[in-house]
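Below is one structure; the comments refer to it alone.
Numbering (the numbering used here), first residue to last: 11 to 124.
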């Protein structure tokens, strides 16, 4: 069975090799395979790529979404979703720090980089 981490690294490797301009943008983002089946009990949805971007880069990355979707489909994922890491970190109702501390630290690092 292929793990979510292996799919995410395969996605980034394909983007890096075939689309270097897009890779330059993604180097500043956190890329993760999101499996909604694991997060929502008993609702079968296929996994997709989540790209957590800093506030100043979200529009630029979203403009390249057609390329990213093609790569995601190539490895068997259905979609790509761009998420604003800066807004996610500043959400006062977020339980991310308690529920997923490693992801919270990664997003904190991404959202504070220049």
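Every residue, glycine too, gets a C-beta built ideally from N, C-alpha and C.
Model, not experiment: these values are computed from the prediction.
On the DSSP letters alone, give me the boundaries of the beta strand (DSSP E) that residue i sits inside.
| i | result |
| --- | --- |
| residue 88 | Neither: residue 88 is in no beta strand (DSSP E) and is coded neither H nor E. |
Could you tell me the boundaries of the alpha helix (DSSP H) in which residue i lies?
| i | result |
| --- | --- |
| residue 117 | 111-122 |
| residue 100 | 95-100 |
| residue 84 | 75-84 |
So the candidates are the options; which of them puts its Cα closest to the Cα of residue i?
| i | options | result |
| --- | --- | --- |
| residue 45 | 103, 67, 102 and 60 | 60 |
| residue 96 | 12, 25 and 66 | 66 |
| residue 69 | 100, 22, 93 and 37 | 93 |
| residue 16 | 32, 107 and 41 | 41 |
My assumption, with CB atoms under 8 Å, is that residue i sits in contact with residue j. Please give the rounded CB distance.
| i | j | result |
| --- | --- | --- |
| residue 57 | residue 120 | With a Cβ gap of about 21 Å, residue 57 and residue 120 do not count as contacting. |
| residue 43 | residue 87 | 7 Å |
(Q) To test your reading of the DSSP string, which unbroken alpha helix (DSSP H) runs of 4 or more residues are found completely within the segment 24-69? (A) 30-36 and 46-49, all fully within the segment 24-69.
Q | Inter-stretch contact (C-beta, 8 Å, three-pair minimum) for the segment 97-110 and the segment 70-81 | A | No contact exists between the segment 97-110 and the segment 70-81.
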